[in-house]
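Reviewing the structure listed below.
Protein chains: 4
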Amino acid sequence: MSHNTFGHLFRVTTWGESHGPALGCVVDGCPPGIRFTLKDIQDELDKRKPGQSRFVTQRREPDEVKVLSGVVTDDDGETLISTGTPISMLIENVDQRSKDYGEIARQYRPGHADYAYDVKYGLRDHRGGGRSSARETAARVAAGAIARKIVPGLVVRGALVSMGTRSIDRANWNWDFIGSAENPFFTPDPASVQVFADYLDGIRKAGSSVGAVIEIVAEGVPAGLGAPIYAKLDQDIASNLMSINAVKGVEIGNGFEAARITGEENADEMRMGNDGTPLFLSNNAGGILGGISTGQDVIARFAVKPTSSILTPRKSIDKDGKDVDVMTKGRHDPCVGIRAVPIGEAMVACAIADHYLRHRGQTGRI
Amino acid sequence: MSHNTFGHLFRVTTWGESHGPALGCVVDGCPPGIRFTLKDIQDELDKRKPGQSRFVTQRREPDEVKVLSGVVTDDDGETLISTGTPISMLIENVDQRSKDYGEIARQYRPGHADYAYDVKYGLRDHRGGGRSSARETAARVAAGAIARKIVPGLVVRGALVSMGTRSIDRANWNWDFIGSAENPFFTPDPASVQVFADYLDGIRKAGSSVGAVIEIVAEGVPAGLGAPIYAKLDQDIASNLMSINAVKGVEIGNGFEAARITGEENADEMRMGNDGTPLFLSNNAGGILGGISTGQDVIARFAVKPTSSILTPRKSIDKDGKDVDVMTKGRHDPCVGIRAVPIGEAMVACAIADHYLRHRGQTGRI
Amino acid sequence: MSHNTFGHLFRVTTWGESHGPALGCVVDGCPPGIRFTLKDIQDELDKRKPGQSRFVTQRREPDEVKVLSGVVTDDDGETLISTGTPISMLIENVDQRSKDYGEIARQYRPGHADYAYDVKYGLRDHRGGGRSSARETAARVAAGAIARKIVPGLVVRGALVSMGTRSIDRANWNWDFIGSAENPFFTPDPASVQVFADYLDGIRKAGSSVGAVIEIVAEGVPAGLGAPIYAKLDQDIASNLMSINAVKGVEIGNGFEAARITGEENADEMRMGNDGTPLFLSNNAGGILGGISTGQDVIARFAVKPTSSILTPRKSIDKDGKDVDVMTKGRHDPCVGIRAVPIGEAMVACAIADHYLRHRGQTGRI
Amino acid sequence: MSHNTFGHLFRVTTWGESHGPALGCVVDGCPPGIRFTLKDIQDELDKRKPGQSRFVTQRREPDEVKVLSGVVTDDDGETLISTGTPISMLIENVDQRSKDYGEIARQYRPGHADYAYDVKYGLRDHRGGGRSSARETAARVAAGAIARKIVPGLVVRGALVSMGTRSIDRANWNWDFIGSAENPFFTPDPASVQVFADYLDGIRKAGSSVGAVIEIVAEGVPAGLGAPIYAKLDQDIASNLMSINAVKGVEIGNGFEAARITGEENADEMRMGNDGTPLFLSNNAGGILGGISTGQDVIARFAVKPTSSILTPRKSIDKDGKDVDVMTKGRHDPCVGIRAVPIGEAMVACAIADHYLRHRGQTGRI
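Here the protein sequences come in this chain order: A, B, C and D.
Just so we're aligned: 35 in the numbering used here is position 35 of the first sequence, and the numbers increase by one with no gaps anywhere.
Just so we're aligned: 166 in the numbering used here is position 166 of the second sequence, and the numbers increase by one with no gaps anywhere.
Just so we're aligned: 155 in the numbering used here is position 155 of the third sequence, and the numbers increase by one with no gaps anywhere.
Just so we're aligned: 292 in the numbering used here is position 292 of the fourth sequence, and the numbers increase by one with no gaps anywhere.
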């Protein structure tokens, strides 16, 4: 990736910190004539909005998006139509409370980028993690809402499949449950809610935190997107997901499991389907073979580390090189992986939209 | 990534197929005055060269590299000095035997990109996998040999840490053993050689194949390389590793394990070191926090799927949409993960060299 | 250029139309620790602001810039310090009067991009030229104000050297006169003001328009920026200048004159200067030889076509393919070249800042 | 441009110096299924080949191109079909005579990049100008030969329209004459041959050199290529042309003339044509309005400075900072502008091919 821009034809540039007046993004290269509403974007943003349950940060941010350019309004007064020029979106920061961070401005919090930042830039905006703040991800979600509109028939959904030592039961997988009001975890398994809630309450009350694994499934991805060895679709999905804060691992299809099994077990066999396209008998590949989509569901998973802001004191040093013990107060997610679900969806949608346009550009075959 | 080029300031463009006359790469943006010899490059290439044991493909390729531009020769007649202009390197294909592939030209081999290729491009060079062939990776290794010279003090090494269901014992880790003549597996654990040999002999004789996990460790990476959320060092390492054929997963530091543990367990505590830089008490982060290197060893792992070319017949279809059973003869690696070790090293070295130059460009702090 | 982003390490992405709520830019890759004030940016913006004399459009726009990210405020409460993260700047559109454009929404104005837009995008925001509006250039000027701070000692100045058939007398060149209150033309020749005023009054009253030639001079450009044949400094300056609306030609140094003279006349001879750097005896090259800066002043000129919006009816067609005669009312600059001076300065400053960082990145020699 | 790569979807990376073993390029992003022959490329290369008349350098180079990747051969054994993967082309350097350059290895030739090179890189390959050699342009011409095949119906032709103080008579313009055996100048005006020959013989015998202006005309460019203000088609054409050695100016359509005339004179009026597309009554715009092609011929001109290698001694300095007088012997073109004609064609063709794919990618409207 080049700086804070990602994508090659569908390009997203994000900007903004946790404690500045606003954050946002510029979506460049959107095809003309794409129709969407503010509500389409807002609905996505609301999914990752803080303060919606006791399991996420209590920071109160309405995350209301403004579209400043790149669209005309249709006669209905609501539908926006992209003109093909850059779409600028802006979200104001409302609940900043920068005093919360005052006491740790000079300390290097373990697990955070504080020390690395200071070495790199020589100065940093310590408030709320500055550019590293999870708030930046709102811009990605807004961009992803537009990306979703570009590939006809594309549906990108995500689910939390494990949290710390607890996992879902895949036999219970129910996509419809994820939007349910009783589901603060983006889990597809109704039976897991109580398990996760009890587990995370314990973590939260202990001032601790825990990681999670998220799975993203993209249906309706046409075969042919990507390239054999560079500009691979899976590579750009992995890159996009790894660009999310706190992500430490990514896998496509069966991922690391593929390293443990044999060629016979791993190969997805095919038969000719009734509709003239192949019928795959399994999907270990996660919908991508040799970097190119096959028409199967594209499946990716990523690991989110536990929030580094915890109440338990940890050994560290400060800017003067003195040994200190750091304890991070403030309003933090006990499991940042929860709100990573819509972010992961957005990043996968952006990668697919970009490759859709690139494939059309190079081959004209869509 | 943009097409077949990767990197932003240290840029590598590769070209070539398995069965054309040659393959190669152009390394652009190399600093002037970098000194290296043909032997430096050849030594790296020899590590991934086929035909060196019964556990890798028996294709015979000398993989002799030519440097066609971008250097002047020093007075010793051997040392090449980069001039700052593009370095073009070329490796001829010698042992092509394209007849081996004749019978499966019209079949879509399960696990291979054949079907996806045909959908994407409408035609393909079926010989040896065309552009998807593992032979292309020789170009990466050549580029990586130069990348290694750019960051003073950088050492990038790789090891195979598991193969199928067998793993090394980390207590036995010995980097020096990896170059040993009795070690056809790039394993750092001497005790594992017999285990892997027996296991892979069984796989090989059964006409089967198996996957592997590779770990890359980069020492001497200065703190400050990367960026907070995009152009993250870990993201570009992940992207580079995912661009290698057959890779299905990547993790940094403790990777997916981070999703299973708490913030207290995961945080790498610090104390002030005697040399004026922090002493980290652990390295769960894999040397990268918030996308920026910390000065610790940078650690990445990637999962390689089993070779899809196997002797056991698998169900598939052909170009005419007829159901067929595919059996792939020819000279294939029973575990392509073995030769992926030097490739992974090269890709990590390229990412680090690129970020070293980018960091110097933006900040002037190196 | 890639879409609406230019630059490689110092990257600028602009967005916004004439008649949306706002326009702006994201400056990415700015080194950390660059100090500037809002006034530094505002002063540049004020130079290109409309409505400052009868010779430019009467649209009233305060063009007040907001800096939304990428900076911290120094203890003085005024100085902004870049943090190394993206700097987002926003300028609101105030005086939009979109009704002015109603009547020509369906006509293709000759000399404008109306027809080409419709072919390309299938729809367009006709208000004020949409994305092609000269208002977008405010974003460039804001970005240029930051670019000017990056290269120590850099001074970039511009001058209008001809307008239609009238030209300045170079013997009278006085940089200090350009900022003078009696100088609405950015001319460096005090004697030319009356000439240009009389000439342009005639043009303006006739409802006509006229073109201009602008010259940009950058002093303090260190030797060594650029590259031999691609990524040439002059090439990127030319590209940046050609990206400005209505520009139809660019030249470096003596430009097209070089094609008319001999090698003896054109060569800039050198002698060793007292300060250890070469003393060039002339500057036909415009400070750039073989794509690389020599330490002399960098000189570029560009030709701006006459405003296409004129009162004289011109033959054209409309969206329905009917022949029409088009007359463009509204508030237009009779010579858009005047306000192009600060824009040209900004684009040259951005190119130089980018190459400064790129040179430092590749070679470490700054 | 990014280093030695240009183009966004149709990307060309060139490499090689005058005195290395070879030079070449990698064409990446070519659509699959493009059909061409080696002769198609060779014919273009032969146009710029040295040694074809007394008016160009006497260096003897067959400039025979090899295609090393990215194609399959059709059943006729001659037609190459692109596969969509990178096309690598290589041209060997045969007639190198590096001793010619020995005596000036330590001198900075006026008008050459010698001094700038040394400042930038700290070392340089002085033989034949190193990377700045005109030989590199062979790679561009080879890439351009493929670019020409991508846009259906595209014809790109160039002509020398002036040489030093002599110009063609446009009333005599005859494209067919340019390929004529009696025409060593790429002039479209038969009457000019004797004028140019006498003039250049004088220049040549005096050991001098002279500049030239080249005009490139692209017919068959579909309307809609480019973008309003960045990624303008004219901007990328200007960038591509300015990347050619010795080019000091570029103009589109009437170029600098547009700055001298009024809006009424400059506007290209339209009427509805019989074929349902607009009939433009003039082409001052050079086929591009607001950065987007209109369907008219695309017209660009560029100024080439006189060869800096001349026999007349010029004042300069050497690497030790001593004043010297430099006289450049060797085999040089008295007017490098002549052989710049096919190079300019190639660069324009590459820009158009790239924008054709980009337009298709973003809009799907081709």
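Even glycine gets a Cβ: it sits at the ideal position worked out from N, Cα and C.
Cutoff 8 Å: residue i Cβ touching any chain A Cβ
i, result
"ARG339(B)", "no"
"VAL119(B)", "yes"
"GLU78(C)", "no"
"LEU68(D)", "no"
"LEU357(D)", "yes"
"GLY249(B)", "yes"
"ALA145(B)", "no"
Inter-residue spacing [alpha-carbon to alpha-carbon] between residue i and residue j
i, j, result
"GLU345(C)", "ILE292(D)", "24 Å"
"VAL221(A)", "THR294(A)", "8 Å"
"ILE91(B)", "TYR356(D)", "33 Å"
"LYS39(A)", "MET89(A)", "13 Å"
"GLU136(B)", "MET242(C)", "39 Å"
"ASP75(A)", "ILE81(A)", "10 Å"
"VAL141(C)", "PRO342(C)", "7 Å"
"MET163(A)", "ALA340(A)", "12 Å"
"TRP15(D)", "ALA143(B)", "15 Å"
"LEU9(A)", "VAL193(B)", "47 Å"
"GLY122(B)", "PRO32(D)", "7 Å"
"GLY153(B)", "ALA113(A)", "24 Å"
"ASN4(C)", "VAL67(A)", "17 Å"
CB contact check: residue i to chain D, cutoff 8 Å
i, result
"MET347(C)", "no"
"VAL195(C)", "no"
"ALA303(C)", "yes"
"ARG204(C)", "no"
"GLN362(A)", "yes"
"GLY226(A)", "no"
CB contact flag (residue i, residue j, <8 Å)
i, j, result
"PRO313(A)", "ASP325(A)", "yes"
"GLN362(C)", "GLY226(B)", "no"
"ARG131(D)", "GLU17(D)", "yes"
"SER316(B)", "PRO110(B)", "yes"
"GLY13(B)", "THR13(D)", "What sits at residue 13(B) in the sequence shown is Thr, not Gly. Result yes, Cβ atoms of THR13(B) and THR13(D) sit closer than 8 Å."
"PRO50(B)", "VAL56(B)", "yes"
"MET270(C)", "TYR117(D)", "no"
Extent of the continuous alpha helix (DSSP H) run through residue i
i, result
"ASP125(C)", "Run containing ASP125(C): none; DSSP gives neither H nor E here."
"GLY202(D)", "192-205"
Boundaries of the beta strand (DSSP E) in which residue i is found, first to last residue
i, result
"ILE216(B)", "212-219"
"LYS47(A)", "Taken as a continuous stretch (DSSP letters only), LYS47(A) belongs to no beta strand (DSSP E), being part of the alpha helix (DSSP H) at 38-48."
"ILE81(B)", "80-82"
"PHE186(D)", "No beta strand (DSSP E) holds PHE186(D); DSSP gives it neither H nor E."
Beta carbon proximity, residue i to chain C, threshold 8 Å
i, result
"PRO389(B)", "What the structure shows of chain B is the stretch from 1 to 366, and residue 389(B) is not part of that stretch, so it cannot be assessed."
"ILE299(A)", "no"
"PRO62(B)", "no"
Every unbroken beta strand (DSSP E) inside the stretch 318-358 of chain B [3 residues or more]:
323-326
Beta strand (DSSP E) segments (min. 3 residues) lying fully within the stretch 233-285 of chain A
247-252, 270-272 and 278-280
Could you tell me which whole alpha helix (DSSP H) segments of length 4 or greater appear in the stretch 105-149 of chain C?
114-121 and 137-147
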